[in-house]
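Here the structure comes first, spelled out in C-alpha cells, and everything after it is commentary.
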Amino acid sequence: VEFLGTQRWITVSVRHDPGQPVVLVGAVLLLAGLVLSLTGHRRRVWFRARPLGTGSEVAAGGLPRTDYPGFADEFRDLVAAAGLDPVPEPALRST
Amino acid sequence: MAALSDQLLVITIMAYLAAMVCYAAEYAFSARPARALVPSGAPGAGSPPEPSEPRDRPDHAGSPGRPQPARALLPWAAQGLILSAAAVHLATVVTRGLAAARVPWGNMYEYLLTATLVATAAWLWSTIRHPAMRRLGIFVTLVNVLLLGLAGMVVYTPVGPLVPALDSYWLLLHVSAAIAATGLFLVGFVTTVLYLVRTGHDRGRQGFPFTLGTRLPGAEALERISFRLHALGFPIWTFAALIAGPIWAEAAWGRYWGWDPKEVWAFVTWIIYAAYLHARATPSVRRTVVAALAVAGWLAMLMNLFGVNLFFEGLHSYA
Numbered sequence: 012v013e014f015l016g017t018q019r020w021i022t023v024s025v026r027h028d029p030g031q032p033v034v035l036v037g038a039v040l041l042l043a044g045l046v047l048s049l050t051g052h053r054r055r056v057w058f059r060a061r062p063l064g065t066g067s068e069v070a071a072g073g074l075p076r077t078d079y080p081g082f083a084d085e086f087r088d089l090v091a092a093a094g095l096d097p098v099p100e101p102a103l104r105s106t
Numbered sequence: 003m004a005a006l007s008d009q010l011l012v013i014t015i016m017a018y019l020a021a022m023v024c025y026a027a028e029y030a031f032s033a034r035p036a037r038a039l040v041p042s043g044a045p046g047a048g049s050p051p052e053p054s055e056p057r058d059r060p061d062h063a064g065s066p067g068r069p070q071p072a073r074a075l076l077p078w079a080a081q082g083l084i085l086s087a088a089a090v091h092l093a094t095v096v097t098r099g100l101a102a103a104r105v106p107w108g109n110m111y112e113y114l115l116t117a118t119l120v121a122t123a124a125w126l127w128s129t130i131r132h133p134a135m136r137r138l139g140i141f142v143t144l145v146n147v148l149l150l151g152l153a154g155m156v157v158y159t160p161v162g163p164l165v166p167a168l169d170s171y172w173l174l175l176h177v178s179a180a181i182a183a184t185g186l187f188l189v190g191f192v193t194t195v196l197y198l199v200r201t202g203h204d205r206g207r208q209g210f211p212f213t214l215g216t217r218l219p220g221a222e223a224l225e226r227i228s229f230r231l232h233a234l235g236f237p238i239w240t241f242a243a244l245i246a247g248p249i250w251a252e253a254a255w256g257r258y259w260g261w262d263p264k265e266v267w268a269f270v271t272w273i274i275y276a277a278y279l280h281a282r283a284t285p286s287v288r289r290t291v292v293a294a295l296a297v298a299g300w301l302a303m304l305m306n307l308f309g310v311n312l313f314f315e316g317l318h319s320y321a
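Next up, the structure:
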C-alpha cells in the first residue's frame, strides 16, 4: 500500500438573505397578534333609543364574541350606568 | 451529584404517588354534590362509597359543623405532599443540571423531567385560581407518575455533555419554551379528558370512566380551565416550534424549515391545537368535538415526543 498524498480542499458557501429582518418582524407581530386574540374579550353592546310619548324607549343588547364569563355582569353594569330602568325581559342571550 | 439526582427522582415519584393516594382517599370520601338531585330510585345506588352517607347524616345531626378529624386532614396531607413532591422534583432537575454543568434540557429524559415539573407548577397555579379544581390532583399526579416512571425506566440517559449540535444559547430559548408548552398541554389534556368524562356523566352515560364524573367540578368550569391552559400553551408552542426552532435551524443547518420528522410532527401538533382554538371560538362546533381536538393534539404531542425520538431517524434524534 502506497500513500499517494492528499488534496486539501474546502467548501465555502456564502449566502445573503435580506429577508431575515422582515421575517423576524413578521414573526414577532404574529406572536403579539396571537396573544392578543387569545386573551382579548371581544364583545358588542348596542343601545337603541326610540321616541315614545314624552320620553323615549331605550333597548340594550349585548353579544359576547368570545367566551367571557363576566359578560353578564358587565352588561348589567353598563345598562345601569346608562341610567336605564331594568326591564324584567331577559335581554341577554349567550351564543 | 448525578447519583443524588437519580435518587431524588425516586423520591419525587414516591412523593407524587403518596400525594395521589391522599387525593384518591379525599376523592373517595368526599360528599357527592350531585346526590341531592338524584331521585332515590336512580341507578348508581349501591356504589362503594354508599355506606359513608348514612353515617354522615346522624353525625351532622348530633354535632353540627364538627368535621371528622381523619377526613379533614386528607386535603391538607394531599396538598402538603404535592408541594413537597414539587420541591423534590425541582431539586431533581437542579441537581441534574449541576451534575451536567449545563441547563438540564439536553435529552429526552431531561425533557420529560422538566415538562412534568412545569405541569405540576401549572396545575398548582390553576388550583390557586380555581380552588374547586384541587380535586383533580389525583389525575394530574397519576399522569406525572406515569411520565416520570417512563422517563426514569425507559428513556433514562446518564449525565453527559451536550450533543455538539445542541451547544448553543438557542437551547435555552427553544427547548425551554417547548418544555413549558408540553407541561401546559399536559395539564390541559387532563382537564379536557375529565371534561369529557363529566359531560358523559351529565348525559347519563353509565360505565367506568363516566362514574368518575360524580365528584368532578362542573363541566363548564373544566372546559374553561382547559381553554385557559391551551390558550397559554399555544403561543409558547408557536414560539418554540415555529419561531425559535426555525431561527436556530437557519443558524445551525442553513435553512429555516426542512421537513425533518420532528418539524413535521411539531407542525402537525400546532395545526391540531390551532384547530382546537378555532373550533372553540366557533359557536356551531359542539364542545365535545372541541375537546376531542385537544385530546388529538396531545396524542400528536406524544407522537412528537416518543414516536419521533425513538422510531424516526432525523436531525432531532437525541434520544
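Chains A and B, in that order, give the protein sequences. Residue numbers for the first sequence follow the numbering used here, beginning at 12 and rising by one. Residue numbers for the second sequence follow the numbering used here, beginning at 3 and rising by one. Every residue, glycine too, gets a C-beta built ideally from N, C-alpha and C. In this text, all values refer to a predicted model and were calculated from it rather than measured experimentally.
Open item on the list: Considering just the uninterrupted stretch of the alpha helix (DSSP H) at Ala43(A), what are its terminal residues?
Closed with: Segment 31 to 50, the alpha helix (DSSP H) holding Ala43(A).
Task: Residues near Pro75(A) by beta carbon distance below 6 Å, same chain, minus five either side - done: If the five residues before and after Pro75(A) are omitted, its C-beta is found closer than 6 Å to the C-beta atoms of Arg54, Phe82, all from its own chain and listed in chain order.
Open item on the list: Can you give me the C-alpha to C-alpha distance between Ala246(B) and Trp172(B), rounded to a whole angstrom?
Closed with: Straight-line spacing of the CA atoms in Ala246(B) and Trp172(B) works out to 7 Å.
Task: Neighbour flag for Leu49(A) against chain B, beta carbons, 7 Å - done: Yes, Leu49(A) lies at the interface with chain B (some Cβ there is under 7 Å from its Cβ).
- [ ] Could you give the DSSP three-state label for Leu114(B): helix, strand or coil?
- [x] Three-state DSSP puts Leu114(B) in a helix.
- [ ] Identify whether Val105(B) lies in helix, strand or coil by the three-state DSSP scheme.
- [x] In the three-state DSSP reduction, Val105(B) falls in the coil class, being neither helix nor strand.
Task: DSSP state of Ser32(B) mapped onto helix, strand, coil - done: In the structure shown, Ser32(B) adopts coil according to DSSP, grouped into three states.
Open item on the list: Mapping the DSSP letters down to three states, classify Glu222(B) as helix, strand or coil.
Closed with: The DSSP-derived three-state label of Glu222(B) is helix.
Task: CB contact check: Leu45(A) to chain B, cutoff 7 Å - done: Chain B, which has a Cβ nearer than 7 Å to the Cβ of Leu45(A), makes this yes.
Task: Rounded separation between Glu5(A) and Arg200(B) - CA only - done: Given a span of 12 to 106 for chain A in the structure shown, any question on residue 5(A) remains unanswerable.
- [ ] Might you give, ordered along the chain, the residues of its own chain that have their beta carbon closer than 7 Å to the beta carbon of Ile227(B), omitting 5 neighbours on each side?
- [x] Sequence-distant partners of Ile227(B) (beyond 5 residues in either direction) whose C-beta falls short of 7 Å from its own C-beta, in its chain, are Ser128, His132, Met135, Thr193.
Open item on the list: Any beta carbon from chain A within less than 7 Å of Ala293(B)'s own beta carbon?
Closed with: Not a single C-beta of chain A is nearer than 7 Å to the C-beta of Ala293(B).
Task: Spatially closest choice to His203(B) from Pro263(B), Thr290(B), Ala20(B), by CA coordinates - done: It is Thr290(B) whose Cα lies nearest to the Cα of His203(B).
Open item on the list: Buried or exposed for Ile140(B), going by 16 or more other Cβ atoms inside 10 Å?
Closed with: By the beta-carbon neighbour count (other beta carbons within 10 angstroms, threshold 16), Ile140(B) is buried.
Task: Rounded distance between the beta-carbons of Phe187(B) and Trp363(B), thought under 8 Å - done: Here chain B comprises residues numbered 3 to 321, so residue 363(B) is not present and cannot be evaluated.
Task: Among Ala43(A), Thr50(A), Gln31(A), Gly16(A), the one whose alpha carbon lies nearest that of Ala253(B) - done: Across the set Ala43(A), Thr50(A), Gln31(A), Gly16(A), the C-alpha of Gln31(A) shows the shortest separation from the C-alpha of Ala253(B).
Open item on the list: Excluding the 5 residues flanking Val177(B) on each side, which residues of the same chain have their C-beta closer than 6 Å to its C-beta?
Closed with: Within the same chain, Val177(B) has close Cβ partners Trp107.
TODO: Measure how close the beta-carbons of Gly185(B) and Ala89(B) come, nearest whole angstrom, since I'm counting them as under 8 Å.
DONE: With 8 Å as the limit, Gly185(B) and Ala89(B) do not qualify as a contact, their Cβ atoms being about 17 Å apart.
Task: Backbone CA spacing between Gln9(B) and Val25(A) [nearest angstrom] - done: Going by the C-alpha atoms only, they are around 50 Å apart.
- [ ] Taking only the alpha-carbon atoms, compute the straight-line gap between Ala5(B) and Glu112(B) and give it to the nearest angstrom.
- [x] The straight-line gap from Cα to Cα measures roughly 15 Å.
Open item on the list: If you reduce the DSSP assignment to three classes, tell me which class Gly81(A) lands in.
Closed with: Note: Gly81(A) maps to coil in three-state DSSP.
Task: Contacts that Thr159(B) makes with chain A (C-beta to C-beta distance below 9 Å) - done: Ordered by position in chain A, no residue passes the 9 Å Cβ test against Thr159(B), which lies about 32 Å from the chain.
Open item on the list: Whether or not the segment 261 to 270 of chain B and the segment 294 to 312 of chain B are in contact is what I'm after, with contact meaning three or more pairs of Cβ atoms, one per stretch, closer than 8 Å; do they touch?
Closed with: Three or more pairs of CB atoms, one per stretch, sit closer than 8 Å, so the segment 294 to 312 of chain B contacts the segment 261 to 270 of chain B.
- [ ] Can you have a look at Thr159(B) and say buried or exposed, based on whether 16 or more other CB atoms are within 10 angstroms of its CB?
- [x] Exposed, because fewer than 16 other Cβ atoms sit within 10 Å of the Cβ of Thr159(B).
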